[in-house]
Amino acid sequence: MSNTNVKKVRTSDLELKDRLVAINRVTKVTKGGRTFSFSAIVVVGNENGVVGYGLGKASEVTSAISKGIEDAKKNLVKIPVINGTIPHKQEMRFGGSEVMIRPAAPGTGIIAGGAMRAVLESAGIKNVLAKSKGSSNPHNLVKATVSALCELRDAHSVAQLRGISMTKVFNG
35 MSNTNVKKVR
45 TSDLELKDRL
55 VAINRVTKVT
65 KGGRTFSFSA
75 IVVVGNENGV
85 VGYGLGKASE
95 VTSAISKGIE
105 DAKKNLVKIP
115 VINGTIPHKQ
125 EMRFGGSEVM
135 IRPAAPGTGI
145 IAGGAMRAVL
155 ESAGIKNVLA
165 KSKGSSNPHN
175 LVKATVSALC
185 ELRDAHSVAQ
195 LRGISMTKVF
205 NG
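Taking our numbering, I'd label the letters of the sequence shown as residues 35 to 206.
So this is what it looks like as structure tokens:
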């Protein structure tokens, strides 16, 4: 379910903030002993409708995080944020994780857990209700949440896509 209307964003003139979602220590066992390395999932966003995620792997934690940030900057997408919330309800599944996000009234805040919260905060969404089902693996949760956000469309883009006026979008 990939959306062809997803707008890739360049990082040139954006002020991005990064959030660390998860760090994982991985062990490779060889004949000579154990080799430890780290993987880091990072979410970056400008808190104004632009968000991206990345995965970095390295033998040091700091270099894994910086690699994750660089990877996230390559995967930035623009999402519609209307009055601090999302335009409509959206469900998405990735791997064993299933996420459901719903718009909320002003003053509700971000009601979401774990990896979903980091993505929604980085995107600049202020009021949203979110629920995750199935696997709580942060990799899959982040990917499912970003995919759900990419599928969102505001009324203006729906009207353009269908070739009708804005009033017909709402009134049929």
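For every residue, glycine included, the Cβ atom is placed at its ideal position computed from N, Cα and C.
- A direct Cα-to-Cα measurement between N117 and K177 gives close to 24 Å.
- In the DSSP secondary-structure assignment, N58 is bridged to S73.
- Excluding the 5 residues flanking it on each side, S71 has same chain C-beta neighbours closer than 6 Å at V60, S93, in chain order.
- The bridge partners DSSP lists for M126 are V133.
- Restricting attention to alpha helix (DSSP H) runs no shorter than 4 residues, the stretch 82 to 117 encloses them at 95 to 108, ordered along the chain.
- The Cβ-Cβ distance between A146 and A164 falls below 8 Å.
- Counting C-beta pairs with one atom in each stretch, the stretch 75 to 84 and the stretch 97 to 112 have three or more that are closer than 8 Å, which means they touch.
- Residue nearest to S169 within the set G83, V133, G67 is V133 (criterion: CA-CA distance).
- Looking only at A56, R53, S73, A139, the smallest Cα-Cα distance to K62 is reached by S73.
- For K167, same chain residues with a beta-carbon under 6 Å away, outside a window of 5 residues either side, are E132 in chain order.
- Within the model, the alpha-carbon separation for G83 versus R196 is close to 24 Å.
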